[in-house]
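Novice: Below is the structure I would like to discuss, written out as structure tokens.
2 protein chains.
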Amino acid sequence: MTTMTAADSRSEAKEAYDAFLAACPSRALLDRISDKWVSLVLVALADGSRRYSELSRQIAGVSQKMLTQTLRILERDGLITRELTVSVPVRVDYTLTPLGASLLTILAAIKDWAEANMDEVFVARERYDEQARSASA
Amino acid sequence: MTTMTAADSRSEAKEAYDAFLAACPSRALLDRISDKWVSLVLVALADGSRRYSELSRQIAGVSQKMLTQTLRILERDGLITRELTVSVPVRVDYTLTPLGASLLTILAAIKDWAEANMDEVFVARERYDEQARSASA
DNA sequence: CTGCATCCCAAACGATACTG
DNA sequence: CAGTATCGTTTGGGATGCAG
């Protein structure tokens with residue numbers, strides 16, 4: 004019991020770290036916006052409410068499953084609201100909450116950096132790949 | 004050939020959308036920082052160079068594989084540099100490039116929003132879960 | 001129209017063992 | 001010390017079918 008394998012101490016460190024991460028707000032936010040569809044939905048709702056089917060069309064390429072799942076997550080987090088209109092057929096509208104709207108400023112910052120600097124990243128990638136090719140040749 | 008199944012048109016739309024996404028700088032940046040370890044490495048390098056083993060210790064919980072992989076990606080993107088010192092044993096230092104350092108401001112913005120607002124998100128989650136529980140009871 | 005349940009495949013990741 | 005190679009498991013996510 005006084006002896007501990009390397010695997011033991013590693014898994015112990017991992018548990019402590021996981022706990023740390025779970026409590027970290029930045030990590031939690033990163034987990035949210037890193038979701039492939041979250042940012043797209045948020046942006047789609049930026050200028051007002053949208054129906055489920057409108058989102059489905061506007062965010063081409065998203066599956067029903069992922070759209071529904073994404074909307075649930077955002078609703079649960081208080082970033083959007085879901086309004087059900089009981090008629091035939093049913094109608095559901097999604098709207099940003101003030102909290103959700105405030106997240107758009109973060110997205111805008113990301114967009115700004117990307118548009119200003121991603122070109123440089125792409126160039127770096129090509130340079131790296133080119134060098135890797137010539138090294139292996 | 005004039006007829007197209009729903010599945011066909013969907014996969015066609017998906018291809019077009021994927022192409023659109025691949026060319027989108029914001030998407031590319033999101034793909035980077037959404038990586039679980041990228042932001043942690045970037046922050047770890049914020050105040051200067053670090054050796055591989057230092058990073059490995061500082062970012063507890065990361066496996067060798069993921070750390071190496073993350074460092075390669077960041078190096079390829081021109082966000083960090085890798086300096087090899089040939090001695091026995093070998094020594095490798097990683098350092099942020101100006102480009103990588105500029106990304107820290109984005110990370111800081113995320114951190115600020117998270118610290119200011121994630122509490123509200125957590126409360127929303129509890130409220131949502133509580134309601135879900137009482138609804139199923 | 002909106003959404004849930006199921007199946008299933010591919011990619012991501014961790015653990016482990018081995019190398020210059 | 002700083003990786004690379006391989007394997008097995010987990011997870012994400014699409015396709016499909018069904019339901020209120």
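Residue numbers (this note's numbering), protein chains in the order written: chain B, 4 to 140; chain A, 4 to 140.
For each residue, glycine too, the CB sits at the ideal point set by N, CA and C.
Model, not experiment: these values are computed from the prediction.
Would you be able to state if there are at least three C-beta pairs under 8 Å between the region 120–136 of chain B and the region 79–91 of chain A?
Specialist: The region 79–91 of chain A, when compared against the region 120–136 of chain B, does touch it at the 8 Å Cβ threshold.
Novice: In the DSSP output, which residue or residues are listed as bridge partners for Glu46(B)?
Specialist: Translated into the one-based positions of the first sequence, residue 46(B) becomes position 43. Note that residue 46(B) is Val in the sequence shown, not Glu. Beta-bridge pairing links Val46(B) to no other residue.
Novice: Using a Cβ cut-off of 7 Å, pull out every chain A residue sitting near Lys114(B), in sequence order please.
Specialist: In the first sequence, the residue the question calls residue 114(B) occupies position 111. Under the 7 Å cutoff, chain A gives Ser29.
Novice: What in chain B is Cβ-close to Leu102(A), meaning under 9 Å?
Specialist: Reading the second sequence from its first residue, position 99 is the one you call residue 102(A). Correct list: Asn120, Glu123, Val124 and Ala127.
Novice: Compile a chain-ordered list of the residues in the region 58–80 of chain B whose CB is closer than 8 Å to at least one CB of chain A.
Specialist: If the cut-off is 8 Å between Cβ atoms, the region 58–80 of chain B has Ala63, Gly64, Glu78, Arg79 and Asp80 near chain A.
Novice: When you compare the CB positions of Val44(B) and Arg35(B), do they come within less than 8 Å of one another, or not?
Specialist: Along the first sequence, one-based indexing puts residue 44(B) at 41. Along the first sequence, one-based indexing puts residue 35(B) at 32. No. Outside cutoff.
Novice: The alpha helix (DSSP H) spanning Ile76(A) covers which residue range?
Specialist: As a position in the second sequence, residue 76(A) is number 73, starting the count at 1. Here the alpha helix (DSSP H) through Ile76(A) covers Gln67 to Arg79.
Novice: Is the shortest distance between the beta-carbon of Ile83(A) and the beta-carbons of chain B less than 8 Å?
Specialist: Position 80 of the second sequence, counted from the first residue, corresponds to residue 83(A). False, the Cβ-Cβ gap to chain B never drops below 8 Å.
Novice: Report yes if the CB atom of Ala49(B) is closer than 8 Å to the CB atom of Ile109(A), and no otherwise.
Specialist: The count along the first sequence starts at 1 and reaches residue 49(B) at position 46. The count along the second sequence starts at 1 and reaches residue 109(A) at position 106. No, the Cβ-Cβ distance between Ala49(B) and Ile109(A) is not below 8 Å.
Novice: Which of the three DSSP states is assigned to Thr88(B) in this structure?
Specialist: Position 85 of the first sequence, counted from the first residue, corresponds to residue 88(B). Three-state result, Thr88(B): strand.
Novice: Using the Cα positions of Leu102(B) and Ala63(A), report the straight-line distance between them to the nearest angstrom.
Specialist: Here the question's residue 102(B) lines up with position 99 in the first sequence. Here the question's residue 63(A) lines up with position 60 in the second sequence. So the alpha carbons of these two residues sit roughly 32 Å apart.
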